[in-house]
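First residue of the sequence shown? That's 245 in our numbering, and the numbers climb one at a time after it. Cβ coordinates follow ideal geometry from the N, Cα and C atoms, glycine included.
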Amino acid sequence: MNSVLTQKEQILQNIKSLYNQLGYPPKEKEYDTTYKIKSRTLVKKCFTTWPMAIKEAGIQAHFTGRMLTSKEELDFKLNRFINEYGYLPVLNDFEKNNLPEYPFLVFYQNTKNYQKNHPNVKFKTNISNVPVNNGKYEEAVLEYQDLKRKLSRVPFRYELSKRALKAISKEYYSYIDFVKAQGDKPLAQSKGNNRISDKQLIKDLQTLYRKLGYPPHASDYERSATVRNHFGSWQNALKSAGIKATFDSKNSRVTKEEVIFKIKKYIQAHGRIPMYNEYKNMGISYMTIQHYFGSNENAANYFKVLTFNQKISSQKIKIIKEGIQTLINTNKEINIANLSKVINLSIDKIRNDLETYFRQNNVRSKSIDKFCIAIGIDLDKYNWHLVLLEYDNFKKKHHRIPNVTQLSSVSYAKILQKYDSYRDFCIAIGDGDEYLREKYDLLTNEQLLFDLKVVANRLGRTPTIKDYYKCKRINRQTTYIKRFGSWTNGLSAAGLKLKDSQKNLIKHQEKMSNK
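Have a look at this one:
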């Protein structure tokens with residue numbers, strides 16, 4: 245209970261503080277933004293509604309219905325505007341200066357009622373200091389001033405809206421009189437009507453060109469009919485204005501410059517060339533693309549970007565490249581099966597992606613070997629590296645060179661592709677003498693005894709014939725019997741002792757071997 249009271253007091257204190265800062269009763273949204281909290285639930289719990297919270301804070305505020313803006317806030321903002329500009333705001337001022345328009349209509353209905361309650365406030369006056377009580381005329385004057393500021397010149401009659409012209413016609417005999425009343429000089433006069441010169445038309449076209457970024461269409465300019473009358477055609481007008489415009493035909497309305505501008509803008513947003521159905525949303529037909537570039541792929545080459553399909557394909561190829569690099573880093577054979585495990589894609593999907601890649605380069609293939617060559621990987625060199633790696637690993641592990649049967653079939657096949665025989669391979673890498681010793685039992689007694697000690701150290705006990713075969717992957721029982729008389733004598737010569745159970749086992753193995 246105490247915590248709720250504390251929260252309530254804190255909210256009231258914050259409301260008073262914010263009221264002093266703003267100068268008017270704050271809204272709940274302004275409260276949340278200032279103190280960076282969501283107060284709806286807490287306000288509902290402590291005060292039921294936000295107006296009740298304002299009232300309990302001792303702040304006078306008049307609310308109507310569910311409207312969030314109080315009359316005090318409206319008066320505060322209106323007074324601030326009047327002090328700044330010196331006149332009562334009209335309809336356009338509410339939107340431009342973020343004034344609460346709907347609450348104004350609710351509390352005062354119109355500007356005349358507001359002036360009755362505030363007699364010192366004046367309406368905006370014209371150049372003759374004659375009060376203008378017509379709200380539509382005030383808007384017309386403001387529209388005229390806005391156009392004058394944007395164009396840096398006196399606006400022509402056709403540049404104002406019909407509503408503004410109607411309001412002006414009720415106050416002045418002609419548009420020229422209105423312009424003079426504003427203290428301005430009309431640009432051109434002839435028989436009481438405003439006429440536009442060729443120079444002004446060219447200037448307007450150049451301004452419109454800079455605004456759009458590409459040669460404007462006739463529909464982009466309100467005086468396009470006047471332009472045609474003055475210059476003969478829209479194309480001639482653009483040429484006279486110094487605007488480069490390439491049309492695919494006399495009746496064409498979309499220039500190549502416009503196509504290039506819009507495609508560049510699309511590329512900046514999406515990083516690729518548009519698809520066929522996306523050109524329609526850009527106001528460009530695909531026939532226009534075909535006329536200017538030949539095809540969408542040619543357009544992509546012109547802008548040095550990818551099409552949608554090419555971008556998707558490039559992302560897939562990037563994944564395949566990363567997978568191949570992973571296989572290289574882990575010294576694994578590069579093939580579809582290994583790649584499928586690394587990148588978690590099915591073999592069919594990988595082949596389809598490779599086929600798409602080759603099709604874009606006008607090649608019919610889905611081979612991973614050709615792909616490796618295409619991306620600059622010397623596959624023969626890498627595969628030979630794997631053969632030598634397998635050979636060296638076996639040699640380090642068993643302290644001897646491997647037999648033909650102890651190499652993988654793939655490695656042995658690659659050796660035979662490069663050399664006439666396994667013996668030639670061993671000689672080429674400097675292991676020819678060891679190959680002869682292994683094949684023809686030319687090892688010395690010291691080497692045989694050293695092998696026994698190595699196997700014993702690995703097992704942690706005296707080895708049997710089977711232990712020796714498992715470790716060295718070669719059966720040298722006959723060699724030891726020839727050199728030392730028996731397996732047991734060989735162990736004794738190496739300084740290894742047998743237990744009785746091992747002696748019986750060895751005798752049994754020798755007996756079975758003799759049989």
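Beta-carbon proximity of residue i to residue j, cut-off 9 Å
| i | j | result |
| --- | --- | --- |
| I564 | I528 | no |
| A763 | I446 | Nothing about residue 763 can be reported from this structure: the residues present for the chain run from 245 to 759 only. |
| R644 | I718 | yes |
| I507 | F547 | yes |
| Q426 | V385 | yes |
| L633 | I578 | no |
| L692 | Y663 | no |
| I621 | I561 | no |
| E274 | L266 | yes |
| T499 | Y458 | yes |
| E300 | L256 | yes |
| K697 | G739 | yes |
| K260 | I326 | no |
| K410 | K455 | no |
| P347 | T308 | yes |
Residue range of the alpha helix (DSSP H) that includes residue i
| i | result |
| --- | --- |
| F491 | Per DSSP, F491 belongs to no alpha helix (DSSP H) and is neither H nor E. |
| I587 | 580-587 |
| Y635 | 623-642 |
| A544 | 540-547 |
| V698 | 689-703 |
| K273 | 272-279 |
| E317 | 315-329 |
| A297 | 294-300 |
| P333 | Counting along the chain, P333 falls outside any alpha helix (DSSP H), and DSSP gives it neither H nor E. |
| N525 | 520-525 |
| P347 | 345-352 |
| Q650 | Q650 -> no alpha helix (DSSP H), and no H or E assigned at all. |
| E502 | 500-514 |
| G476 | Counting along the chain, G476 falls outside any alpha helix (DSSP H), and DSSP gives it neither H nor E. |
| L236 | Because the chain is modelled from 245 through 759, residue 236 falls outside the range shown and cannot be assessed. |
| D711 | 709-716 |
Buried versus exposed call for residue i [16 or more other C-beta atoms within 10 Å across all chains shown]
| i | result |
| --- | --- |
| R608 | exposed |
| T250 | exposed |
| G734 | buried |
| S655 | buried |
| S332 | Per the sequence shown, residue 332 should be read as Leu rather than Ser. Buried, since its Cβ has 16 or more Cβ neighbours within 10 Å. |
| C704 | Just to set this straight, residue 704 is Gly in the shown sequence, not Cys. With fewer than 16 other Cβ atoms within 10 Å, it is exposed. |
| I673 | exposed |
| D695 | buried |
| S413 | exposed |
| T532 | buried |
| E690 | exposed |
| A297 | buried |
| Y523 | buried |
| I371 | The predicted position of I371 is uncertain, since its pLDDT is 37 and thus under 50; no value can be drawn from it. |
| E387 | buried |
| T292 | exposed |
| S665 | exposed |
| A657 | exposed |
| F351 | buried |
| N264 | exposed |
| G567 | buried |
| L395 | exposed |
| T285 | exposed |
| R407 | exposed |
| A700 | buried |
| R720 | buried |
C-beta neighbour in chain D for residue i, strict 9 Å
| i | result |
| --- | --- |
| G734 | Within the model displayed, chain D is absent; a lone protein chain is all it includes. |
For residue j and residue i, believed in contact at Cβ under 8 Å, the rounded distance
| i | j | result |
| --- | --- | --- |
| L449 | A489 | So it is not a contact: roughly 11 Å between Cβ atoms. |
| K443 | V398 | Contact flag wrong, Cβ pair sits at about 15 Å. |
| K741 | T708 | Going by Cβ atoms, the distance from K741 to T708 rounds to 13 Å, so no, they are not a contact pair. |
| R401 | Y419 | 5 Å |
| E316 | Y358 | Not confirmed; about 15 Å, so no contact. |
| E345 | F338 | 4 Å |
| K360 | L343 | Actually they are not in contact, since the Cβ atoms of K360 and L343 sit about 19 Å apart, beyond 8 Å. |
When the options are compared against residue i, the one with the closest alpha-carbon
| i | options | result |
| --- | --- | --- |
| N540 | E566, V503, Q559, L571 | V503 |
| E382 | F547, L456, Y520, F422 | F422 |
| I517 | H535, V549, P270 | V549 |
| Y601 | S558, F638, K625 | S558 |
| S611 | D622, D624, D597 | D597 |
| K641 | L312, K716, K424 | K716 |
| L630 | L651, T499, T308, S477 | L651 |
| V287 | Q254, T308, T313 | Q254 |
| R324 | T451, G515, N341 | N341 |
| Y635 | K585, S653, A618 | S653 |
| I487 | L583, H461, H474, G476 | H461 |
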